[in-house]
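Just so you know, the sequences run in chain order C and X.
Under our numbering, read the first sequence as residues -3 to 340, first letter to last.
Under our numbering, read the second sequence as residues -3 to 340, first letter to last.
Built from N, CA and C at the ideal position, the CB exists for glycine as well.
Report on the structure given below.
2 protein chains.
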Amino acid sequence: MPSLPAVPDGKRPTLTDLAARAGVSVSLASIVMRGAKGAGAATRERVLEAAREIGYRPDSRARLLRSSRSHLLGVQFDLQQPFHADMVEALYTAAESAGYQIALSAVAPSRSEQHAVETLLTDRCEALILLSPHAPVSRLTHLAAQLPVVSVARRLRPRAQDVDVVRAADDEGARQAVDHLVALGHRDIVHIDGGRAPGAADRRRGYKAAMNRHGLADRARLVPGGLTEDHGAAAARTLLADASRPTAVLAFNDHCAIGVLDTFLRAGVAVPDEISVVGFDDSHLARLAHVDLTTVGQEVPELARLAVERAVARLEGEATEDDREIVVTPRLVIRSTTAAPFRI
Amino acid sequence: MPSLPAVPDGKRPTLTDLAARAGVSVSLASIVMRGAKGAGAATRERVLEAAREIGYRPDSRARLLRSSRSHLLGVQFDLQQPFHADMVEALYTAAESAGYQIALSAVAPSRSEQHAVETLLTDRCEALILLSPHAPVSRLTHLAAQLPVVSVARRLRPRAQDVDVVRAADDEGARQAVDHLVALGHRDIVHIDGGRAPGAADRRRGYKAAMNRHGLADRARLVPGGLTEDHGAAAARTLLADASRPTAVLAFNDHCAIGVLDTFLRAGVAVPDEISVVGFDDSHLARLAHVDLTTVGQEVPELARLAVERAVARLEGEATEDDREIVVTPRLVIRSTTAAPFRI
DNA sequence: CTCCAGGACTAGAACGTTGCAGAGGAACAG
DNA sequence: CTGTTCCTCTGCAACGTTCTAGTCCTGGAG
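Here it is in structure tokens:
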């Protein structure tokens, strides 16, 4: 015999069941359940009581089907990026306070962006918030022809038609980091970059510009890196093998910086005594007590709030056409991996 | 070619639009779009072509509303746990090959489990897969009275009524780790535990039992730890402050182990030369080239497959009542943080 | 030639909601 | 007492699908 149905009757209770139980019409039950006005206090209480008794739960699909607005924002994120995890959390609360809901779709090695977006679309999301999307600009514009699209943390150049961008000022962040290091007395500052990752080009540019401005153009040096600990570790090994070791390193992101830290540690190079390290993102990794990494904060809650705000503005037709890009100034968070350089 | 705006009036195209465009009835268009049989080859092609032209996309909400089955599995996961990220990825593929879809709902400091489950329920998920849920057993059984519930990685004792459990044999994993260390020649093996975290009690038990079996009962030693790097780092500091330092450490999970590694590194204690370290989970953290942590693998794809399989079995009434718990044997992955102890 | 099987196609009723157009009353102003 | 207004409540038609029960063919068996 097949296992017993989860619920006695097997069926999940509907508005009709609820209405019957409370002895009112379906419409009235609906009114009560969504807290609309137009129901008497006594009846309201009776309906709510009945709902509790039979364990009634509104069916969001039917609800959304009926009202043409779904109030759903689709969010595409990468399961392996802590920065995305932080963003998703912030997006939940930002969306909630704007009266919207979030539908998540994950990207992973075995699940492409294309696939992720596909499911969000069939779920009838009204707008898409894509975290550091890698898709070609052509695909993004094609999407944007169908519904509002916000790209977070990935700058689009040339600006993609109809695609909104919310991002941190990566160049400015790199500048802040360099300024901080220079103020401490550093002159040999290396940047381990992020290759083709979203934001990497801007961080490179900001780094170079800042070095120039401090008259250190000839000391500027880029080392190829990437987004992961492994990339950082490899770059750090390159630096260690070198005759002239820098006194400070600006890594592409926190992950990368941690790879750097770890490699230095293993090689017996003291941080920050012998070398200073700065990360980027201020993800929760950086905040771990034993890491305590100086890093450039991306103001996650702010980015999330703006992304939602922009998506909603497009949906309600409030946004103008000439402010497609919102840039948030990052904020340097000084912790314990930077200090004045070792003087000879 | 960049197709033109979906439909003149800006509305997303529906089956009716598609049918009109292709010159067939709505029913037939539906048949073609879901690949059912009952349509001629020529017509089929014509409808598909029309769908491409107007950019038609089925509306999953309407679809699910109509067919009483939603084929949706709700997954609750923690944004901050890498192990969960790995599981989610595996769940996507497992569900897909079982003909089901996944709806994600995240747990985070600012978003409770209760809230996460709430949204999954209103989304009409047919079953719930909860990754290391912390909810009290009473709430789980209450949920399970409404729909099939699978708890992954959290053992429920006493067995909760109607709740399925899929988990790794945590005690067995701890045993494997201890056996490995003993085989290498270690005798002073410490376990940094996970407190009240799901699985922690079993790992403690497995550790103690293994130590007993090797006649090392009097050397067994527990140090309070936890799930994060910080917990591991704190525990490691305790060990370092001690007069008699162990030669090997079994940490509660990879995160914790990494905190331990880092602290040892900073203190100039060489791993594995002076002390061996073993983690738990084989999350991608452990696989990073510069970490290369010996760890107990949880067989993520297998856990995911079984969780989906079990949920589906309940839904289709195929599962019996007396095999509520599925236990998967973990597998020790030996990397480079373990070696024979330093001999005096 | 008749009959029937079966393939291609269609009409219309669900699914669980919400929104709209009203039906009854009670309260109140005139 | 009449008319008006407001409030509570109801019935019914959507929303975009799928499903059931057909209709209308074509062609092959008898």
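{"Check": "Where Pro105 of chain X falls, given that 16 or more other Cβ within 10 Å makes a residue buried", "Outcome": "exposed"}
{"Check": "CB contact flag (Asp166 of chain C, Asp198 of chain C, <8 Å)", "Outcome": "yes"}
{"Check": "Start-end ranges of the beta strand (DSSP E) lying completely within the region 136 to 217 of chain X, minimum 3 residues", "Outcome": "145 to 148, 159 to 164 and 185 to 188"}
{"Check": "Gln110 of chain X - containing alpha helix (DSSP H), residue span", "Outcome": "Glu109 to Thr118"}
{"Check": "Stretch-stretch touch, CB-based, cutoff 8 Å, three pairs: the region 199 to 212 of chain C with the region 322 to 334 of chain C", "Outcome": "no"}
{"Check": "Three-state secondary structure assigned by DSSP to Thr291 of chain X", "Outcome": "strand"}
{"Check": "Limits of the alpha helix (DSSP H) - the one that Gly275 of chain C falls within", "Outcome": "It is not in any alpha helix (DSSP H) - Gly275 of chain C instead sits in the beta strand (DSSP E) that spans Ser272 to Asp277."}
{"Check": "Every unbroken alpha helix (DSSP H) inside the region 8 to 56 of chain X [4 residues or more]", "Outcome": "11 to 18, 22 to 29 and 37 to 50"}
{"Check": "Amino acids of chain X, ordered along the chain, whose beta-carbon sits closer than 8 Å to that of Tyr88 of chain C", "Outcome": "Ala102, Ala104, Ser106 and Arg107"}
{"Check": "Where Thr259 of chain X meets chain C, residues with beta-carbon distance less than 8 Å", "Outcome": "His286"}
{"Check": "Selection from C:Pro220, C:Leu152, C:Leu44 and C:Leu284 that minimises the alpha carbon distance to Asp13 of chain C", "Outcome": "C:Leu44"}
{"Check": "Interface partners of Asp250 of chain X on chain C, CB under 8 Å", "Outcome": "Those within 8 Å of Asp250 of chain X in chain C number zero; the least Cβ separation is about 13 Å."}
{"Check": "Contact with chain X by Gln142 of chain C, beta-carbon distance below 8 Å", "Outcome": "yes"}
{"Check": "Chain C contact for Pro54 of chain X (CB, 8 Å cutoff)", "Outcome": "yes"}
{"Check": "Short-range partners of chain X found in the region 147 to 159 of chain C, where Cβ spacing is below 9 Å", "Outcome": "none"}
{"Check": "Of the residues X:Arg17, X:Asp119, X:Thr316 and X:Gly34, the one placed nearest Tyr52 of chain X, counting alpha carbons only", "Outcome": "X:Arg17"}
{"Check": "8 Å Cβ cutoff, His182 of chain C in contact with chain X", "Outcome": "no"}
{"Check": "Start and end residues, alpha helix (DSSP H) containing Ile254 of chain C", "Outcome": "Asp250 to Arg262"}
{"Check": "Through-space distance from Thr137 of chain C to Leu69 of chain X, alpha-carbon basis", "Outcome": "32 Å"}
{"Check": "Chain-ordered residues of the region 67 to 98 of chain C with a beta carbon less than 7 Å from chain X", "Outcome": "Leu75, Gln76, Ala81, Val84, Glu85, Tyr88 and Thr89"}
{"Check": "Partners in chain C for Asp119 of chain X, counting only beta-carbon separations shorter than 8 Å", "Outcome": "Ser56 and Arg57"}
{"Check": "Residues of the region 18 to 47 of chain C whose Cβ lies closer than 8 Å to any Cβ of chain X, in chain order", "Outcome": "none"}
{"Check": "CB contact below 8 Å: Gly191 of chain X versus chain C", "Outcome": "no"}
{"Check": "Proximity test, Cβ basis, 8 Å: Leu302 of chain C and chain X", "Outcome": "no"}
{"Check": "Cβ neighbours of His227 of chain C in the same chain (closer than 6 Å, five flanking residues each side left out)", "Outcome": "Gly221 and Cys252"}
{"Check": "Min CB distance Gly195 of chain C to chain X below 8 Å", "Outcome": "no"}
{"Check": "Backbone CA spacing between Leu180 of chain C and Pro337 of chain C [nearest angstrom]", "Outcome": "7 Å"}
{"Check": "Contained beta strand (DSSP E) runs [length at least 3] in the region 62 to 107 of chain X, N- to C-terminal order", "Outcome": "68 to 74 and 97 to 103"}
{"Check": "Near-chain X residues of the region 125 to 141 of chain C (beta-carbon distance less than 9 Å), N- to C-terminal order", "Outcome": "Ser134, Thr137, His138 and Ala141"}
{"Check": "DSSP-derived helix/strand/coil call for Leu284 of chain X", "Outcome": "coil"}
{"Check": "Neighbourhood of Glu168 of chain X by C-beta, 7 Å cutoff - its chain only, sequence neighbours within 5 removed", "Outcome": "Gly202, Thr325 and Pro326"}
{"Check": "Amino acids of chain X, ordered along the chain, whose beta-carbon sits closer than 7 Å to that of Ala229 of chain C", "Outcome": "Ala285 and His286"}
{"Check": "Proximal residues of chain C, C-beta to C-beta of Glu270 of chain X below 9 Å", "Outcome": "Per Cβ cutoff of 9 Å: no residues; Glu270 of chain X is ~14 Å from chain C at best."}
{"Check": "Pro4 of chain C, buried or exposed, once every other Cβ within 10 Å from all chains shown has been counted against 16", "Outcome": "Confidence is the limiting factor: at Pro4 of chain C the pLDDT is only 43, short of 50, which leaves the residue's position unreliable, though a coordinate-based value still follows. So Pro4 of chain C counts as exposed."}
{"Check": "First and last residue of the uninterrupted beta strand (DSSP E) at Glu321 of chain C", "Outcome": "Glu321 to Val324"}
{"Check": "Val245 of chain C in three-state terms, based on DSSP", "Outcome": "strand"}
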